[in-house]
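Numbering (this note's numbering), first residue to last: 1 to 323. For every residue, glycine included, the Cβ atom is placed at its ideal position computed from N, Cα and C. Bear in mind that the values here come from a model prediction, so they are computed numbers and not experimental data. Just below is one structure, and these are the notes that go with it.
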Ligand code: 13P
Ligand code: SF4
């Protein structure tokens, strides 16, 4: 009961404060359902960047991870950009530091650097073109076939693009701890159990899993497929937050999440059954209460050093122009 009152209070305060401060609330599809429901706009990484750039609101609250807040700040330096929990990182972004990229570039002097948007502002500042999972194929295809490319930090996305284009981009060996862990065995079991289901997978999943997928795409592309497809059953290999929007848009369809591989030590406490969590712990750091506090106290502001921002905006703008 208390919890309900608390939740109602938080929602009404968030609604009051967002109006008072003329704040825009954006959320990624991996956010908790209650945050997605409150947001003015929910999207994938590309859509969030595009939306941030065109808003007139003086304050943008990014319910997402730190690099998403940074991207919004780089694109809108004059606006106040806040993330409810700015300590929300990303295992993929962490897998390549600016120092790593500097060294890699020194070893490959005549290469074009393509970086996934899941990177720090400092990595973007050393990049030629940023991509997201929505536009990586299109952007790589826009470059001459013989262009030498360093692609990072997501190995799986890079490997997938190499397989589609026949290119030999040099790949950084980074990965997302959620997508890397989906169990191929479980996916095979589910395919037997639901032979008519379509398999939807994010390109951050391992290549062996992607081979079993019917549709591979960004969160937004997978949601679109779920809505537009004639199919009524879907096996979903991406972070579980997307199921909220899929189920809301298609209440009559069945969405079955793929389970991650788990070792014995990672088994859930509930009767030692395998854990079915496929949630990004970083994305889940944002909560209703933190959103309220961030709006009320204007905490969680994102700052990007001006010299870094000046460099980082170029590859992001290049991406937006090519999207
Ligand atoms: P999307 O751009 O597809 O939403 O992906 C973001 C992300 O963090 C995937 O793990
Ligand atoms: Fe990063 Fe993976 Fe979480 Fe996406 S799901 S924010 S890539 S850790």
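Considering residue i, what are the terminal residues of the alpha helix (DSSP H) in which it resides?
i	result
residue 292	288-297
residue 66	66-75
residue 33	33-38
residue 315	306-322
residue 246	242-249
residue 165	155-165
residue 207	207-210
residue 224	219-228
residue 47	45-54
residue 191	184-193
With 16 as the cutoff for other CB atoms within 10 Å, does residue i come out buried or exposed?
i	result
residue 18	buried
residue 70	buried
residue 16	exposed
residue 211	exposed
residue 44	buried
residue 36	buried
residue 157	buried
residue 149	buried
residue 87	exposed
residue 84	buried
residue 234	buried
residue 248	exposed
residue 124	buried
residue 135	buried
residue 336	Not covered by the structure: residue 336. The range shown for the chain is 1 to 323.
residue 166	exposed
residue 174	buried
residue 138	exposed
Assuming residue i and residue j form a contact by the criterion Cβ under 8 Å, report the distance between their Cβ atoms to the nearest whole angstrom.
i	j	result
residue 257	residue 281	No, residue 257 and residue 281 are not in contact; Cβ-Cβ is about 16 Å, not under 8 Å.
residue 133	residue 203	5 Å
residue 164	residue 200	At roughly 17 Å, the Cβ-Cβ gap does not stay under 8 Å, so residue 164 and residue 200 are not in contact.
residue 122	residue 308	6 Å
residue 217	residue 159	That pair is no contact at about 16 Å.
residue 316	residue 61	No, residue 316 and residue 61 are not in contact; Cβ-Cβ is about 20 Å, not under 8 Å.
residue 319	residue 161	The Cβ separation is near 14 Å, so there is no contact.
residue 183	residue 239	Not a contact, Cβ separation roughly 15 Å.
residue 28	residue 283	7 Å
residue 286	residue 76	Actually they are not in contact, since the Cβ atoms of residue 286 and residue 76 sit about 20 Å apart, beyond 8 Å.
residue 179	residue 205	5 Å
Could you check if residue i belongs to the surroundings of the ligand SF4, using beta carbon to heavy atom distance under 7 Å?
i	result
residue 292	no
residue 282	yes
residue 176	yes
residue 65	yes
residue 91	yes
residue 173	no
residue 156	no
residue 179	yes
residue 239	yes
Which two residues bound the contiguous beta strand (DSSP E) that contains residue i?
i	result
residue 233	233-237
residue 24	23-28
residue 115	112-116
residue 201	198-201
residue 62	59-63
residue 257	254-257
residue 282	Looking at the DSSP string, residue 282 is not in any beta strand (DSSP E), and its letter there is neither H nor E.
residue 149	149-152
Can you determine whether any heavy atom of the ligand 13P sits closer than 7 Å to the C-beta of residue i, and answer yes or no?
i	result
residue 46	yes
residue 160	no
residue 219	yes
residue 323	no
residue 233	no
residue 29	yes
residue 70	no
residue 141	no
residue 202	yes
residue 286	no
residue 119	no
residue 55	no
residue 95	no
residue 299	no
residue 115	no
Please check if any C-beta of chain E sits within less than 8 Å of the C-beta of residue i.
i	result
residue 298	The structure shown contains no chain E; it holds only a single protein chain.
Residue ranges of each alpha helix (DSSP H) within the segment 77-109, 4 or longer: 91-94, 98-107
List in chain order: all unbroken alpha helix (DSSP H) runs of 4+ residues lying wholly within the segment 116-145. 121-124, 136-141
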